[in-house]
Every structure is written in structure tokens, then in C-alpha cells.
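Numbered according to our numbering, the sequence shown spans residues 148 to 1227.
All residues carry an ideal CB built from backbone N, CA and C; glycine is no exception.
Small disclaimer: the values here were computed from a predicted structure and weren't measured.
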Amino acid sequence: MEPPQTQVHLERNRLVLTCMAEGSWPLEFKWLYNGSELTRFSLEYRYLIPSLDRAHAGNYRCIVRNRVGAIMQVTTEVQVAYMGGFVEGERSQTVSQGDGALIKAPHIHSFPRPQITWFRDGRKIPSSSRIAITLDNTLVILSTVAPDAGRYYAQAVNDKNGENKTSLPVVLTVENVGGPADPIAPSIIISPKNTSVTMGRNEAIMECVANARPLVKMSITWRKDGVMVNTGIRDFGRRLVISLPTVSDSGYYECEASLRSSSAPPVSAGAFLHVLEYPLFVKEPPSHISAEMEKVVDIPCQARGTPQPDIVWYKDAVPISPVKIPRYRVLVGGSLQINGLLPDDTGMFQCFARNLAGEIQTNTYLAVTSIAPNITAGPADSAVIDGTSVILHCETSGAPRPAITWQKGERVLASGSVQLPRFTLLESGSLLISPSHLSDAGTYTCMASNSRGIDEASADLLVWARTRITKPPQDQSVIKGTKAVMTCGVTRDPSVTVRHVWEKSGSAIDVNASPRLRLDPDGTLHISQTWSGDIGTYTCRVTSVGGNDSRSAHLRVRQLPHAPENPIAVLSATEKRAINLTWAQAFDGNSPLIRYILEVSENNAPWTVLLANIEPESTGVTVGGLIPARSYQFRLCAVNDVGRGQFSKETDRLTLPEEPPSAPPQTVIASGRTNQSIMIQWQPPPESHQNGPLQGYIIRYCLSGLPVDCQMKNITNPDQTSLLLEDLIIWTNYEIEVAAYNGAGRGTYSHKVTEWTLQGVPTVPPGNVQAEAVNSTTVRLTWSAPSPQFINGINQGYKLLAWEPGRPSEVSMVTVRPNFQDSVHLGHISGLKKFTDYYASVLCFTTPGDGPRSPPQRFRTHEDTPGAVGHLSFTDILDTSLKVSWKEPQEKNGLLTGYRISWEEFNRTNTRVTHYLPNSTQEYKVTGLTALTTYTIQVAAMTSKGQGQLSASTISSGVPPELPGPPTNLAISNIGPCSVTLQYKPGYDGKTSISRWVVEAQIGVIGENEEWLLVHQLSNEPDARVLEVLDLNPYTFYRFRMRQVNIVGTSPPSQPSRKIETLPAPPDVSPANVTLRTAS
């Protein structure tokens, strides 16, 4: 099976080439690369390249052989697809207007040749009547004009591996722009090229690119051998395409460019097209040819193709040279003639036919007959040790070459068609047994046969069990004075005797020379009371006819290591707080040192381990991290796997010089004590960082975040650990550091701690205060915040104040949280008296207290409807008339404009009579009444805002009213955090309607002598039997009582209720004046 003529693979892929062959075993294979030997003959029929690169491209072929002969495979070309980068940088070209511009594709390393696409300004350039893209990817712009100038890019795509690259630009400049557009005679700028193609494969393309002006009048025609061609013309005449070319398409092809309606002569150019025909055998030899010795034989081989193929002959994959072997002659037409046949002419003959299109091969086996087989060197009786290899020879002669078969008894072990494991038929005919087994002992027969007869020869094979050391001595490491045991156990053939010999470092050991040595019959060597003289390599040698064997092991005798010598300690010249310690290596006790242990005595203190794992190769160490002003002494010992050795002598005592403290004071805490002082507290630096006796502390403090100089305080008492910083600025953040110092200087400062002096009160009031009444009970205040520098603390908010002129102690106040987003602040004070003059002011406050008030602003609340008239009373009560009198309302809420009085029979609104009276009238005589009839009489004051609250009462004509009695049966329910419900039974009404219900309570402290306070009242609801009392304090004790009021006056109080406690409630304000203090 022949391989493909060409195969393409990607870089870094795995390639396996396979040589497929048939024939008698054993078959052996060898690979060639570009004609040179790549491998030797072996049984491997594949050749593996794990990772291809472009250097692996080339021609590969294999040769396969067996005892009959050898043949060679046709070549397969391995091509490696890859793509590098463009190797050219940016370049420029110039062309005159009207001429053709040839922009060659920038060079790029790639296989196969990439597909090139041209771009300009990001747009693909297609082929057109003015644009040609040639077979070699040159961009041709015909009859150039000014707009053709620009930057052109080539994009290369490798269609095998899919990679693509874009070139740097080619800058085209068009010269002579603006001149006359005169006609330009035709010229061929890309001529046809001589081309060779293989018949029946793909297509043949002849290319011709011409330029002229005007381009539309130019035409291109094609001729073959002078005859006009009209088919296969493509790309505006620039290409002639011949599909599936045949030999008859070969010839001279010419293109001609002419300019219509022009006196310019046409121009032409041409090239040859060669159509190659793949070789094809017209005569082949049979697969097997037999001929007698000294006769003449012709091996036929004839091929055709275009061009005519060359015939090359090979015998057993070696080229035949008629010059070296005159008996071989290649006849006209290609056949091979062999004269005077000899036995060595037997073998494989190959005929290769090659031309430019490729190569083919055919082969035959030539057998020279008439010589019977003869075993010229047969096998001999042999003995072999189990597990080794043995060759039983069998060399033969004869024609044709005899076939070899090896048998043991009736069992075929190896032949041209049979091969059992471990039995290999060599090319010489000998039998290789590898490895041999005990079961291989027996008689072996070599049989040689050809068409003339058979010859055979036999021999006996004896297989001994190998003498092996199966229990070899082991490397040992024993402690001095203990026992060492070296084993040497063997397995052997029972018929073989063995001898043990022990050697130490190449010299034989006489076990009888020392009572410490003993050799057991099984070869074990005992060594007692080991010491350093026993150290060495011990070899057990076993000799026998069944094979020799030897094994070695090393004996090491270990002891404690010695003390390091000459330890010296000196101050380090390169590192502070460090001592360089050196010593001489200690004897390791025949066991590698594991480590050194270094001990230190500081200021004559007991010895302690300083470094427990010093590298065993070290002869010095730098001990760092020591403490200044302290003395040190060192000693060390070595450690191996036996144990720890003796300590070395001590070094001389060294004292480190004093240094400034290397650590700052600890636990520095600052806390503001007053608005002009801060207490600073600290602890000394750790003792190990004081580096000498402390002499005092430096306190450095300055305003936080401001570019001002710091102030210093020097404390000369090292035992003092606190200081009160005084005369500081109110509510100011300070940065404070503390450093210790000793005789060598000042140490490092601590981390800065920041602390504020305590807050003060604002020193300026809010500005731009404006007061404006928004209704009869509310005023709106606006103001701007005082400058932060005058607040002297954290702005907790603003207090809005309002008071009546002449009554500065009765102030209505509202607290407003600070608003840090807006420049103008807004707040309201509600619950003011109606139509009343007030002063308003705003102040800012901090935790310590209030700042100054802003200048007072005067305003008046708006007019509203008036309150109820006062002292409504009846006199002169007769059967048909009575006199009603009253007083001005206590709450006029504006300018009174008059009064309204109305009366009606009780519960008969259709009998109502109403009169309006002037504001100066405060009594009125009601006439026209019916005797002994109950009337409801109502009086209300009026302002411009309307009628005020009604004061009403019932009275019977002819019956004067009396003072009411108290309510009774007072009960409490629905107790909540801020409210309760009261149920009651009304008392005697005094012969008139009840105008108001009054609730009084004892709050918090309950008792007979405690004060009763007004907590609730309800007016103009004479029929009410249930009251809800609101605005109580949560989680507070209460006791209630009630009164009822009529036109005559107020009743006595009712009996007190039971004591109750309102329910708890969540806090209704968040914590205020939260102050953060640093604790450490």
C-alpha cells in the first residue's frame, strides 16, 4: 500500500508515518529522510514525530526487508503548514497618473502560500476593470488617477491552519496630477509565465495584465500557437483558464492588448504551458520469476508519461549500477536483462518510473534455482544460564535461498510465517532465544528447504538455573561498639556448588584473623564490637558454574560528634545589635551533622538556647536582634543522629553599646479634661527596646491638620507617665506624640493620638433671622447658621424662641436639629396665642450650653374667630321673658365686630330666633317666651373671620338655674402608654345644660394632700358619658377625678378614681449630646 504523494500537517501536531508491507517474518523496517538514513532496521513499522515543526518538511520513504530481500516504498512528501509574520515594514510607492501601479504583496513566511485580500481604509478591494489581483497576489491599479493615492493593507490567510495576519501599510502616491489626460498606448505590465501543470488535476491559468488610457477602449485577446482562443477567458480578458488540462492543451499561449480607435500599435507577450502526465506502467514484471543458474533473464518494465519517465532499477532497495555489475543491463524501453545468473542474484527487484509529475514503482522476486539447500554451519550443543540470551547458529546456501524453520521436537518455534515470543529468526537463519527459561532445555533442529530439497541439523541446549544473590547485604549504619550483620543469601541450581568470599574495600577478608569476625555457612558475615576501623564497603562474591554474582553494601560506624573548636564572638561591623560568631567544624562522628545548637548567657543569666537549628555546613553565624547595653556570652554543640555532643568552651563576654530607645512609649491615651486642657498618659517602652536606662520623655503636640509648628514638653523624670497639657484652644483637635530618651538620645515617637479639647458654647447668634406669622397660632422663622469657627463645638441644633412683650419669662421654645446641607434654615413655632404680638429670636447650642440669642424680631399672629363669651348668665327670669348677660371672650382673637344670640325651645330647632347685636352690647332681654317651657339659649362673639365658639345653656322660663352637682361612678378602661378611657354618670345639672366637662389628675405621686392638675376638658358636649384622656406620660402613676360646669359655675369634684399606671413605651427621641472619648 503506497503512501500519498504529498501530505500536509499543522505545526506542533503529532505525525505518524506507517510502512505497510506483506511478507514472511521477520519483517524489518528502516526510514529515509531526503535520501539519508533516519533509522536503522528494526521491527518498528511506524515513524513518530511527536511535535512537527517546519524543519521536518521533506521527502520520507521506508525500506522493508526479510530473508527473501528488500523493497523500497515510493516517496511521500511531508509538508508542514505554518504562518509567520510579515517581514517588511511600511513602504512607499510612486506612480504617474495614468500608468499602472503594481503593489507587490509584502513578503510573509508561510506554507502553503497564503490567500491575500487587499484593503484600503478598512474596505476590501474587489477585482474590477481597473483593479487586478494577480496569481502572485500583486495588486494592480490600472490607469491610475489622483483618488487612488492612499494606504493599502494586505491581509494574509493560511487556509490550512486558519491563521491570518495584516501587513503594515503600503503608501501609494500619484504624481503629475492635474495634467492633460492624453491617451496612453497599451503596454503589458504583467506578462504570461511559463507554466507546468499535471494532467487532470485542477486547472491551468495563464495571466496577462495590460494598461492603457482610456482603459475602456483597451481589449485583450488570446492565441494558442497562433490560433485565436475564445473559451475560458476570465477577469476582463486578463486570465485564460483551462479546466482539467490534457496533454493536447500544451503549447505557446500569447496575449495581445490593443486600444480601439487609436493609432497606437497593439502589444503582445506569451509563454509556454506544459501539461505533465503522471507515469503509468505499460509493462510490468510478474510478482515471481524463477530462472536457472547461468541463464539469461529479462525483467520487463516499461512506462509512459509526459515527459517520458526515467526508469531506475533497484535490487533489495540498492540502486543497480550496470557499470559496477556488467552482467546487469537496462534495455531500450526500460526492461532489465541479467546475464549468467548466480545464486546471489536471488532477491527483490524494483522498477521506478519517474518524471516531473511524480514516481511509481513495481517489483518482482527473482529466484535462481537448481541448487539444493546446504547447512554450511549448523547449531552446536550449548549450555546457557537461565535469563540470559543464546544464539543457535544455522548458516545455509542454495538457490533459491532456502527457507529456514526452527523446531523443538514437533513444535515450530520460528519460520518465515511463525514467530513465538522470545524466539527470533535472524536474517542469517540463526535462532535467538532471549531471555532463556529453564523450560527451554532440549533438542533444537534447523531445517533449510527450497524447491530443490531439504537439509537439517540439530543440537542440544542445557539451561542452568542462575546462581543469584537473593538476600544481598544492606547498607548499614551502626553505633560504635554494637554488632553489624551482613547477609549474603543465594539461590542456585541444585547441581551447582557455590563459594562465598567477602571483601572490604577490594581486599579479601580473613575471618580467622580476628575473634570479632564470623562467617556462617549461608554466607552471613558477623562483626562484633564495631569501631571506626570497620568502616568501609563490604562485597560478597559468589562463584559457581551456574553464574557468578556479587553485591556490595557500606558499613558506617557512628558516634557522638566532637565539640566545635575555637569559638570567637566579635561585634558585627555591618549590622547594629549583632554579634558575629565563628568556629571550626567539629568531627561529625561518622554521621552527618544534623544541626548546631547555640546557647547564650545574657547579663550573666543562666544559659538558654538561642538558635536550635543552625545549618550543619555553617562555620559562622550572625546573631542579630540583641539588646543594646547588655552583655552576651556564647557556646555551641553539634548534633548528629546519635545524639548531642559536648559544648564548646565559652566565648569572651561582649557588651553592646547603648542606643536610643527603639520603640515608642506604649498605650498612649489622650482625653480632653476641659475646653482648654488635655490629659496625656502613657507607659514606658518595652524593657527590651529601652536600650539603656531611661532619662525622661518628650511630649510633642500641635494643631491637627494645620501647617503650624509643634510645641514640646520635656519630662526629666523617667517615672512620670502622665501630663496635663494646658492653655489650649477651645474645641480644637490636637495631635500628640510621646518619645522616650536615654543617654544615647531620643527614641522614636509613638503613633499620633488625636484628641479634642472639650466643647464651649457658641459665641455668635445665628444671622439673618426673619419672623413671619403663617396663621393665627404659628410663626415661621428663617436664619443662617453661625460660622463654624464661632460654634466652639458640635452644633447640636437651634432653639426657636417666642414671647409676648412685657412677659420675657413666658417663652415658647422649639428645638430644631441642625441642617448641614442648606444655607438657609427653616423652623416653626406653633401653639401661639391668636392675634397677639410676640418677639421671636433664634440661638445655636452645643452640649455645654446655649449661645447668644439673635436680635428679637416682632410679629403678630393672624386674626381668627373668637373664643366663647365669658360669664353667660340669666336674670329677671319671668314667665314670658328673661335677661341674658355675658362678657367679652377672654380670647378675642381679633377685633370684635358684634355678637349673635339665638334661642329655641328645647330640641325644636324650627322655633329658633336669632338676633345680631353690636360689639358694645353685652346683655339682651329675650321676650315672647312661653311660660314653664325649657329653652336653649346660645351666644357667640364675632370677628371679621366669622362667628366664634358658641356658649349655650338651657333654662326654663320662670325657673332660675342652680350650681351643678359632681359626676359619679367614675371608671377607667383601655389603659395605654399615653391614654386612658373614663366612663362616668353625670351629676345634677342645676336646671340647665352642662357646658363643659373637666378632668383633673394626680401625676406620679398619689396622696390625699397632693396637687390635682387639669389634664383634659371637653366643651359643648352635654350628653357625653365617655371621655378619652390623651397626652399622658408612659409608665407613670395616675389618679383621676371630674367636675361638670353649667352657666352658673363649676360643680364640686367627683370621688377620686382608683390608682393606675400607664404602660411602658419605646423612647420617642434618640440619644443626644453623644461624646466619644479615646480609651487607648
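Distance between residue j and residue i (C-alpha atoms, nearest Å)
{"i": "Thr994", "j": "Leu841", "result": "42 Å"}
{"i": "Lys312", "j": "Ile472", "result": "57 Å"}
{"i": "Lys364", "j": "Leu427", "result": "49 Å"}
{"i": "Ser290", "j": "Ala228", "result": "38 Å"}
{"i": "Ala949", "j": "Val963", "result": "14 Å"}
{"i": "Ala296", "j": "Arg277", "result": "14 Å"}
{"i": "Ser719", "j": "Ala725", "result": "5 Å"}
{"i": "Leu1025", "j": "Pro1133", "result": "28 Å"}
{"i": "Cys687", "j": "Pro620", "result": "8 Å"}
{"i": "Leu159", "j": "Leu190", "result": "In the sequence as displayed, the identity of residue 159 is Arg instead of Leu. Rounded to whole angstroms, Arg159 to Leu190 spans 27 Å at the Cα level."}
{"i": "Tyr1182", "j": "Cys1125", "result": "9 Å"}
{"i": "Thr1083", "j": "Leu990", "result": "52 Å"}
{"i": "Ile337", "j": "Met167", "result": "48 Å"}
{"i": "Gly347", "j": "Ala504", "result": "11 Å"}
{"i": "Ser408", "j": "Pro454", "result": "45 Å"}
{"i": "Tyr180", "j": "Leu391", "result": "33 Å"}
{"i": "Tyr512", "j": "Val443", "result": "16 Å"}
{"i": "Leu973", "j": "Thr929", "result": "5 Å"}
{"i": "Ser956", "j": "Tyr986", "result": "12 Å"}
{"i": "Val1176", "j": "Val921", "result": "30 Å"}
{"i": "Gly636", "j": "Asn521", "result": "50 Å"}
{"i": "Val459", "j": "Trp178", "result": "20 Å"}
{"i": "Trp878", "j": "Asn966", "result": "21 Å"}
{"i": "Gly563", "j": "Ile196", "result": "31 Å"}
{"i": "Asp283", "j": "Ala438", "result": "57 Å"}
{"i": "Gly944", "j": "Val961", "result": "10 Å"}
{"i": "Ile1153", "j": "Lys1206", "result": "8 Å"}
For residue i, the residue or residues it bridges with in DSSP
{"i": "Gln1149", "result": "Arg1186"}
{"i": "Met353", "result": "Leu387"}
{"i": "His701", "result": "Thr684"}
{"i": "Asp457", "result": "Arg501"}
{"i": "Glu1010", "result": "Beta-bridge pairing links Glu1010 to no other residue."}
{"i": "Ile436", "result": "Leu513"}
{"i": "Thr1090", "result": "Leu1043, Gly1093"}
{"i": "Gln1037", "result": "Answer by DSSP bridge pairing: none, since Gln1037 is not bridged."}
Cβ-based burial, residue i [other Cβ within 10 Å; buried from 16]
{"i": "Phe499", "result": "buried"}
{"i": "Phe1187", "result": "buried"}
{"i": "Met219", "result": "buried"}
{"i": "Ala293", "result": "exposed"}
{"i": "Ala759", "result": "exposed"}
{"i": "Met375", "result": "exposed"}
{"i": "Cys784", "result": "buried"}
{"i": "Pro736", "result": "The sequence shown places Gly at residue 736, not Pro. Looking at its Cβ environment, which holds 16 or more other Cβ atoms inside 10 Å, Gly736 is buried."}
{"i": "Ala716", "result": "buried"}
{"i": "Gln1130", "result": "exposed"}
{"i": "Met230", "result": "buried"}
{"i": "Arg214", "result": "buried"}
Residue i Cβ short of 7 Å to the ligand COA heavy atom set
{"i": "Gly309", "result": "No copy of the ligand COA occurs in the structure displayed, which carries no ligand at all."}
* Asked: Can you find at least 3 beta carbon pairs, one from the region 666–675 and one from the region 750–762, that sit closer than 8 Å?
  -> no
* Between the region 523–532 and the region 475–488, do at least 3 Cβ pairs fall closer than 8 Å? -> no
* State whether the region 1009–1029 contacts the region 1086–1099, with contact taken as three or more CB pairs (one from each stretch) at a distance under 8 Å. => yes
* Whole beta strand (DSSP E) elements within the region 605–656, 3-residue minimum -> 615–618, 623–626, 631–633, 636–638, 646–651
* To do: Tell me, please, whether the region 810–827 touches the region 896–906 by the rule of three or more beta-carbon pairs shorter than 8 Å.
  => yes
* Contained beta strand (DSSP E) runs [length at least 3] in the region 751–790, N- to C-terminal order -> 755–761, 767–770, 778–786
* So does the region 237–257 actually touch the region 202–214, counting three or more Cβ pairs closer than 8 Å? -> no
* Asked: Enumerated in chain order, which unbroken segments of the beta strand (DSSP E) with a length of 3 residues or greater are wholly contained in the region 156–220?
  -> 162–165, 175–180, 193–196, 205–212, 217–219
* Asked: Does the region 977–985 come close enough to the region 1036–1050 that 3 or more CB-CB pairs lie under 8 Å?
  -> yes
* Whole beta strand (DSSP E) elements within the region 902–976, 3-residue minimum -> 914–920, 926–931, 944–950, 958–963, 971–976
* Entirely enclosed beta strand (DSSP E) segments - the region 228–259, minimum 3 residues -> 238–243, 248–250, 255–258
* For the region 673–693 against the region 642–653, are there 3 or more C-beta pairs whose distance is under 8 Å? -> yes
* Can we say the region 886–898 touches the region 840–860, given the rule of at least three CB pairs closer than 8 Å? -> yes
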